[in-house]
Structure formats: C-alpha cells, structure tokens
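Notes follow once the structure below has been shown.
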Amino acid sequence: MSAVTVQTNVLRVLRVVVIVGLVVATVVPFVYMLSLSFVRIDDLLRDPLRVLPALDRITTETYREVLASEEDGGYGFARFMRNSAIVAVGASALTVVLVVPASYALTRLRFAGRSQVSWLFLAVYLFPTIIIAVPVFVGFQVLGLGSSLVGLVIAYVALTVPVSVHMLRNYLSGIPESIDEAAVIDGASRLQILTRITVPLAMPTIMSTALYSFMIAWNEFLFALLFLSAKQDLWTVSLGLTRLADGQEVSKTVLMAGSVLLTVPIVLLYGVAERALTEGLTAGADKG
Amino acid sequence: MASKLRGSENRDGIALVVPVVLVVAAIIVVPIVWTVVLSFQDARYVDVARNGLFNELTLDNYVDVLTAPAFWQALLTTVEYSVATTAGSITVGLVAALAFRDRFRFRAPLRAVMLLPYVAPVVATTFVWQVALNPQYGVVNAFGTQVLGWEHPVNFLSSAPTALLTVIVYDIWRYFPFAFMFLGAALTGLSREIEEAAVVDGATPLQKFWFVVLPQLLPTVALLVLFRMVMAFNEFDDVYLLTGGAAGTQVASVRVFEQLTGSSDIGGASATAAVMAVFLGVALAIYLRLTARQREAR
Chain A
371 MSAVTVQTNV
381 LRVLRVVVIV
391 GLVVATVVPF
401 VYMLSLSFVR
411 IDDLLRDPLR
421 VLPALDRITT
431 ETYREVLASE
441 EDGGYGFARF
451 MRNSAIVAVG
461 ASALTVVLVV
471 PASYALTRLR
481 FAGRSQVSWL
491 FLAVYLFPTI
501 IIAVPVFVGF
511 QVLGLGSSLV
521 GLVIAYVALT
531 VPVSVHMLRN
541 YLSGIPESID
551 EAAVIDGASR
561 LQILTRITVP
571 LAMPTIMSTA
581 LYSFMIAWNE
591 FLFALLFLSA
601 KQDLWTVSLG
611 LTRLADGQEV
621 SKTVLMAGSV
631 LLTVPIVLLY
641 GVAERALTEG
651 LTAGADKG
Chain B
4 MASKLRGSEN
14 RDGIALVVPV
24 VLVVAAIIVV
34 PIVWTVVLSF
44 QDARYVDVAR
54 NGLFNELTLD
64 NYVDVLTAPA
74 FWQALLTTVE
84 YSVATTAGSI
94 TVGLVAALAF
104 RDRFRFRAPL
114 RAVMLLPYVA
124 PVVATTFVWQ
134 VALNPQYGVV
144 NAFGTQVLGW
154 EHPVNFLSSA
164 PTALLTVIVY
174 DIWRYFPFAF
184 MFLGAALTGL
194 SREIEEAAVV
204 DGATPLQKFW
214 FVVLPQLLPT
224 VALLVLFRMV
234 MAFNEFDDVY
244 LLTGGAAGTQ
254 VASVRVFEQL
264 TGSSDIGGAS
274 ATAAVMAVFL
284 GVALAIYLRL
294 TARQREAR
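For the protein sequence lines, the chains are A and B, in the order given. FYI, the numbering used here numbers position 257 of the first sequence as 627, with every residue one higher than the one before it. FYI, the numbering used here numbers position 173 of the second sequence as 176, with every residue one higher than the one before it.
Structure (structure tokens):
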C-alpha cells in the first residue's frame, strides 16, 4: 500500500475517533449535571458510580428545595433567577442602545479621535478584571451604587461593550455606504438614516450582540461577588450557587439542580441563536 | 444637503461615540489609572475611604512584591498555567476543526454542542467538575477505585501537582471550543484548489496538512495564541472557583484577590497587578515583534 492510502485510511478512522471522543467529552459533564439533579443525596453518597438514578428513585424534591424561598425552607433560587434576569436584560438592552450609534459612527463617520477609541477598547483586556473590579466597587460605594443591581448592570455594560462594538462594526462595514448616500439625497437626516436604515438592516447582528451581552451578564461571577456578597436578597444565580456551595450544609444534588437552573436559560438562548452568535464573533477570522 | 451632512460629520461622530467612551472610561480606564496610583501608596481600605487618592507616595509596595518568594511562585504558576492552557486548547481546537471540516451527518448540531463548555456558566461547570472529581462522592474516583482498581481516591483539586494539572485540563475543556470556532471559520475560508493541486502532485494527507493547510491557518493561530495568552494570564474565575488558589494553583489574579480580601492590602495588591501587567506588556511586545518578522519573511 502506498503512503497515501495508508494515511488516508488511518486518518479516516482517527477522524471518527476524534469526533466521538470530543462530543462525549463535551456532553458528559452536562449529562452528569442533569442526572445528579434528580438524585437523592443519600443515593449519591451510597453509590457515587450510579450516575443515572433508578426510575423509582428519581426525585424532583431537589428543584423544589432550591427554588423555594428561605421562609419555605428552600434556598431562594427563584429570587436569584429573577435578579440575574433583571441584570442580564438590563445590561444587554443598555449595551445595544450604546453600541449601535457608536458602531455606526465608527464605520461611517470620520471624526477626531476615531482610531484612539478603537485602541481604548483593546486596552480593556490587558488588565485582570479583579483589578478593575475593586476601584469600581469603591467608587460605586461612594455614589451609593455599590450594593445594587444597577451598579452591576453598569459594570457589565463596560465589560461587554468592546466585543459588541467589534461584532457590529464588522457587520456594518459590509453594508454598502451607497444606501446611506441614496437616503441623504432623499433628504434623510443622520438620525433617520440610523433608525430607519441601519438598524433594520443590522437587526440580526444587533440581536446576536444583545444575546452575547445577556450571556456575559448572566454568567458573570467576580463583580457579583464583590458587589453583592453582603446582600443575600440581591444575589444572582452564579453568586448564590458559589456561596451555597462554599458551605457544607446544602446537599450537592440540590445544588446540582441549581446548576441546571443556571445553565438552562443560557443553553436555550444559545440553541436559538447559535449560528448568528458564532458568525458574529468569528467575523473577520477568515480574512486572517 | 449632502454637504451639510458632511460638515456635521465630526460633531455627530463624537456625539454618537461619547456615551460608550464615557462608560468604558469610568468603569475601566479610571480604575486602571487608580490602581497604578494606589500601587505607589501604603494604603489600606480606611486610608482610601478617608483620603481617596491622596496618600503619601512610596515604593515600598514594589519592594515588597519583588522580594516576596510567593510572588515569583505565583508568576511561575501563571506562566505554566497560561502556556499549557493556550497550547492545549488551540491544539485540541485545531484537531476538532480538522475533524469537522468535511460534511457528515449531524455535523451542524454536533458543532453547536461542542461549543457548550465555552458558553455555559463557569460557576455551573466548575461546580460539576468539583463534584465529579470529589474523593468521597465523585464519579471519577468511584470509577477509579471500583473499576480501574486505584488503591486510594485521588484528591484532584486539593493536592499539589494534580490540582494545577486538573485546572489546566478543565480550561482546555472550557476553551478549546473557542479555538475550534475560529479555526473552523478560517478553514471554510480556505480555497480547496491549492490542496487539490498538492494531491495531484502526490502529496500524502499529512504532507497536505503540514505544507498546505497549516501555513494558511497560521495567522489565525497566531491571533488565537495572543487572545488566549492574554486571557489566561489574567484568568481568575476558573482557578478561584475550582481550587480557591490552594495546592499550588495560586495564579497572579488569585493572589491579587487574596491580598485584597484576605489582608486588605490594597497597595500590595495594586503593585502585584501592575507588575503583572508590565510582564504581560513586555511579553506581548516580544511576541508581536517576533510574529511581525515572521510575516515579513513570508
């Protein structure tokens, strides 16, 4: 056999092995999460190897316990989820409102300081978030925003703006400028061009930008830890899960139900908009 | 009319960008500058609360940082961790992208599934890993002791060499989808004609990969290395959530966090962060210089 056929055959087998291996490696932790969330804690302690519970031992008590408020003997995840939803929706709405005009200006208008703005956004990534978080926290305390969801929303907007601008700019620069010019000849003002032409044309990318910042805000942990640790009624799901997991008193399978509740909204949103999101993020990657 | 719009271009452009710039400046630039100032002050929380930025200036923090063996240990850990996760996640991502290059049944849904570790909340996935690796009730140790015949359960996250390795494996798992996503996009952009020509000339599949495909992917790989190194160098969540910085996993940002919350040493924490940022900046400059030379050579 020639080298070509040997390699082709070996690679054909290897490819299947790689695909199966990687899919299993990515999926198994999520299956483990989902399945343990229906297990009673004494069953887990008795037989940790039994990942899928026997049908008659399946319980949904874990979910009831984790969702119920403290007064009802639960851990208040329903409230944490409401807090996370408020923060994530607020952050993504505000991000879109700020980023759309800015990206339009950065692609269409020549103005003083245009290139400096782009560099400013890159500088964000050079420093660890922890070092940004502490002065922001101290400053927000002075302004009375320290332990509030509003403060958290503002912080998250700043974290998501750079990537959002990048995504939208890539898309807008692909829309021919002649459309704008035609509108100008018809007597449209700048604001009319932005609201009547650019926004409708860029709607898919605007949605994926909104989705991206929703996900970042929903998943974020460090700012929430610094801002809200002392205020349990304002905890987000991420923070609540970490705080409760730190102690020994909450059973692990109940927290597993909490993890599922934390993960499901993100997976659902991602399932709806997977293509738009990955295309938005990788735009420009094929140009090298 | 058109000229009227042209004339207002500068003013409009600035007006549209200013809100975003203000938010980014207030939340990111000001804190960074503040950190640099604080790193030259011997400040605790009370001093900052009372005097704001105006404390006595000193170099003590930098002396303390640079003479503390724990700092150099944290730096070494950070470098090991960053290099290993960057190399690992990009290699796995590249293998995945190549395996997914040609069409097969269920390719699109499987590709979407492969991105889950990257999009799922880090708090949830680290928690699942912690439970799975737990010596008492984790499935991995149960499998190891009952099926593979390990003598003892392994303390994956709380004993010295395995903890860092486990964190690295977790991060390769979490971030390979990121590389997979970008390299996949780059692969679809490649023209197949050169490869077909190579095949006609008798190139084996490996030669085709090594001499034709890989060189065309290098710009994307170089960009990914840059992204991942910077992100990994500043990584906090993953390490903190998995091990809390124990058992030889104290990377720089976890150390900064401990200086802040444990000993409330703001000045020391700021100096540590500033020194790390300088190291990162120098490394970036060298990297960009080297890759620029490569680009010219080609």
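Ideal Cβ positions, reconstructed from N, Cα and C, are used throughout, including at glycine.
Identify the continuous alpha helix (DSSP H) that holds residue i and give its terminal residues.
i, result
"residue 192(B)", "163-192"
"residue 436(A)", "431-437"
"residue 647(A)", "622-652"
"residue 83(B)", "72-102"
"residue 106(B)", "Run containing residue 106(B): none; DSSP gives neither H nor E here."
"residue 534(A)", "519-542"
"residue 377(A)", "373-406"
"residue 568(A)", "Here residue 568(A) belongs to no alpha helix (DSSP H), and DSSP marks it neither H nor E."
"residue 252(B)", "Note, residue 252(B): premise wrong, no alpha helix (DSSP H); not H, not E."
"residue 121(B)", "119-122"
"residue 474(A)", "447-478"
"residue 147(B)", "142-149"
"residue 135(B)", "125-136"
"residue 14(B)", "12-27"
"residue 511(A)", "499-513"
"residue 197(B)", "196-203"
"residue 608(A)", "607-616"
"residue 223(B)", "217-236"
"residue 159(B)", "Unbroken run through residue 159(B): none, as it is neither H nor E."
With distances taken Cα to Cα, identify the nearest neighbour of residue i among the options.
i, options, result
"residue 410(A)", "627(A), 640(A) and 636(A)", "627(A)"
"residue 198(B)", "211(B), 188(B), 192(B) and 191(B)", "211(B)"
"residue 586(A)", "597(A), 557(A), 625(A) and 454(A)", "454(A)"
"residue 427(A)", "412(A), 547(A) and 641(A)", "412(A)"
"residue 500(A)", "295(B), 238(B) and 26(B)", "238(B)"
"residue 285(B)", "23(B), 263(B), 225(B) and 236(B)", "236(B)"
"residue 101(B)", "140(B), 189(B) and 28(B)", "189(B)"
"residue 598(A)", "556(A), 419(A), 478(A) and 508(A)", "508(A)"
"residue 616(A)", "75(B), 19(B), 126(B) and 292(B)", "126(B)"
"residue 382(A)", "107(B), 242(B) and 13(B)", "107(B)"
"residue 471(A)", "39(B), 184(B), 22(B) and 144(B)", "22(B)"
"residue 521(A)", "404(A), 569(A) and 457(A)", "457(A)"
"residue 15(B)", "431(A), 482(A), 582(A) and 506(A)", "482(A)"
"residue 98(B)", "179(B), 109(B) and 240(B)", "179(B)"
"residue 582(A)", "607(A), 614(A), 613(A) and 538(A)", "538(A)"
"residue 389(A)", "160(B), 143(B), 145(B) and 114(B)", "114(B)"
"residue 449(A)", "480(A), 394(A) and 604(A)", "604(A)"
"residue 269(B)", "18(B), 209(B) and 39(B)", "39(B)"
"residue 584(A)", "593(A), 606(A), 564(A) and 463(A)", "463(A)"
"residue 32(B)", "506(A), 408(A), 641(A) and 514(A)", "506(A)"
"residue 642(A)", "577(A), 614(A) and 620(A)", "577(A)"
"residue 214(B)", "129(B), 187(B), 76(B) and 201(B)", "201(B)"
"residue 467(A)", "549(A), 564(A) and 559(A)", "564(A)"
Run through chain B and tell me which residues come within less than 8 Å of residue i, C-beta to C-beta.
i, result
"residue 644(A)", "115 and 118"
"residue 430(A)", "Correct list: empty, because the minimum Cβ distance to chain B is about 19 Å."
Please list the partners that residue i has in chain A, where partner means a Cβ-to-Cβ separation under 8 Å.
i, result
"residue 214(B)", "Near residue 214(B) there are no residues of chain A at all, since even the closest Cβ is about 14 Å away, more than 8 Å."
"residue 153(B)", "None at all; the shortest Cβ gap to chain A is about 13 Å."
"residue 218(B)", "Residues of chain A passing the Cβ test: none, with the nearest at roughly 11 Å."
Based on DSSP bridge pairs, tell me the residues matched to residue i.
i, result
"residue 60(B)", "44(B)"
Is any heavy atom in the ligand GDP found nearer than 7 Å to the beta carbon of residue i?
i, result
"residue 529(A)", "The ligand GDP is absent from the structure shown, which contains no ligand whatsoever."
Thinking residue i and residue j are a contact (beta carbons under 8 Å), I'd like their distance in whole angstroms, please.
i, j, result
"residue 290(B)", "residue 229(B)", "7 Å"
"residue 262(B)", "residue 272(B)", "4 Å"
"residue 526(A)", "residue 575(A)", "Their Cβ separation, rounded to whole angstroms, is 20 Å, which puts residue 526(A) and residue 575(A) out of contact at 8 Å."
"residue 182(B)", "residue 227(B)", "5 Å"
"residue 157(B)", "residue 144(B)", "6 Å"
"residue 444(A)", "residue 435(A)", "5 Å"
"residue 19(B)", "residue 474(A)", "6 Å"
"residue 396(A)", "residue 218(B)", "So it is not a contact: roughly 29 Å between Cβ atoms."
"residue 131(B)", "residue 498(A)", "That pair is no contact at about 25 Å."
"residue 253(B)", "residue 88(B)", "Their Cβ separation, rounded to whole angstroms, is 16 Å, which puts residue 253(B) and residue 88(B) out of contact at 8 Å."
For residue i, go through chain B and note every residue whose CB falls closer than 7 Å to its CB, in chain order.
i, result
"residue 378(A)", "208"
"residue 629(A)", "127, 130 and 131"
"residue 589(A)", "124 and 125"
Starting from residue i, find everything on chain B with Cβ-Cβ shorter than 9 Å and list it in chain order.
i, result
"residue 453(A)", "Those do not exist, as residue 453(A) stays about 14 Å from chain B at its closest Cβ, beyond 9 Å."
"residue 576(A)", "Neighbours of residue 576(A) on chain B: none; closest Cβ ~15 Å, over 9 Å."
"residue 490(A)", "24, 27, 28, 31 and 32"
For a contact defined as C-beta to C-beta under 9 Å, what are the partners of residue i on chain A?
i, result
"residue 184(B)", "648, 651, 652 and 655"
"residue 140(B)", "411, 414, 415, 418 and 622"
"residue 146(B)", "418 and 419"
Interface residues of chain A around residue i at Cβ under 7 Å?
i, result
"residue 43(B)", "The contacting residues do not exist; residue 43(B) stays about 15 Å from chain A at best."
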